[in-house]
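Chemist:
Residue numbers (the numbering used here): 224 to 447.
(1) If we require 3 or more residues per run, which beta strand (DSSP E) segments fall completely within the region 292-378?
(2) Judging by CA-CA distance, which residue of 269, 408, 313, 360 is the nearest neighbour of residue 431?
(3) Where does residue 423 land, buried or exposed, given buried means 16+ other C-beta within 10 angstroms?
(4) For residue 276, is the classification buried or exposed, using 16 other Cβ atoms within 10 angstroms of its Cβ as the cut-off for buried?
(5) So which of 342, 409, 263 has the shortest CA-CA distance to residue 349?
(6) What residues in its chain sit with their C-beta under 7 Å from that of residue 257, if we drop five residues either side in the sequence?
(7) With C-beta atoms as the reference, is residue 298 less than 9 Å away from residue 362?
(8) For the beta strand (DSSP E) holding residue 414, just list the boundary residues, first then last.
(9) Determine, using beta-carbon pairs with one atom in the region 303-315 and one in the region 336-343, whether at least three such pairs fall under 8 Å.
(10) Hey, residue 263 and residue 295 are a contact pair by Cβ (cut 8 Å); roughly how many whole angstroms apart?
(11) Starting from the C-beta of residue 332, find all residues in its chain whose C-beta is less than 7 Å away, skip the five residues before and the five after it, and write them out in chain order.
(12) Quick check on residue 382: buried or exposed, where buried means 16 or more other Cβ atoms within 10 Å of its Cβ?
(13) From residue 318 to residue 283, what does the alpha carbon distance come to, in whole angstroms?
(14) Taking Cβ to Cβ, would you say residue 397 is nearer than 9 Å to residue 373?
(15) Run through DSSP, which three-state label would residue 386 get?
(16) Is residue 433 helix, strand or coil when you go by DSSP?
(17) How about residue 412 and residue 357: do their beta carbons lie closer than 9 Å?
(18) DSSP beta-bridge partners for residue 397?
(19) Taking 8 Å as the cut-off, is the CB of residue 324 close to at least one heavy atom of the ligand GTP?
(20) Would you mind working out which of 393, 323, 426, 384 sits nearest residue 464, comparing C-alpha positions?
(21) Quick one: residues in its chain with C-beta nearer than 7 Å to the C-beta of residue 392, no 5 flanking neighbours on either side, listed in chain order?
Listed below in structure tokens is the structure:
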């Protein structure tokens, strides 16, 4: 598990976690080092809030909370910031007695949960290029702010602008923040849903690999 330290909590949010990595980590040499140092949100991006609902004694829907998420994690040398908006560990979700709420609040999820889901917002520093990586999951990606280049291991690329959506079916990929020609921060929202193994037409199984991102998603030994 990655070494981590807790930073001071911000109003309306829990503490931010920073994971340490060695000085020879390739992430350290990409653009944007040190851009994010104070937690959510990244400088230049709005302070997005989430609203969680529940029910009163009569079964009417009510708002239970309005905040900025329970789990924030700085990635790399201050180059990105992950904000967990919600996560679940089973499908269908058991909402009786707020079971799902309690787990989501008390547990920062791994990259994705077996049979569950993770709603993760990521703030990118200007010009940041992520390592090539693959999650064995079905991932929905939405550009909330800025402009991004989605790069596949085949060499194919697509430009995504605000409101555009990617549906990544276990493909190896990288993200480049090209907002303002690489001079401004950007923000993505991802929904990660567990999947069965990814098998190629040749019958080969494509495994999960996270490269330098791995230590930031280790929780209780990795995927739960």
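Glycine is no exception: its CB is placed at the ideal position from the N, C-alpha and C atoms.
Modeler: According to the structure shown:
(1) 294-298, 303-311, 340-347, 360-368, 370-375
(2) 360
(3) exposed
(4) It counts as exposed.
(5) 409
(6) 300, 301
(7) no
(8) Counting along the chain, the beta strand (DSSP E) containing residue 414 begins and ends at 409-417.
(9) A contact exists between the region 303-315 and the region 336-343.
(10) 5 Å
(11) 307, 310, 341, 442
(12) exposed
(13) 15 Å
(14) Closer than 9 Å, so yes.
(15) coil
(16) coil
(17) Taking 9 Å as the cut-off, the beta carbon of residue 412 is found no closer than this to the beta carbon of residue 357.
(18) 374
(19) Only the bare structure without any ligand can be found here, which leaves the ligand GTP out of the picture.
(20) This structure gives no information on residue 464, because the portion of the chain shown stretches from 224 to 447.
(21) 361
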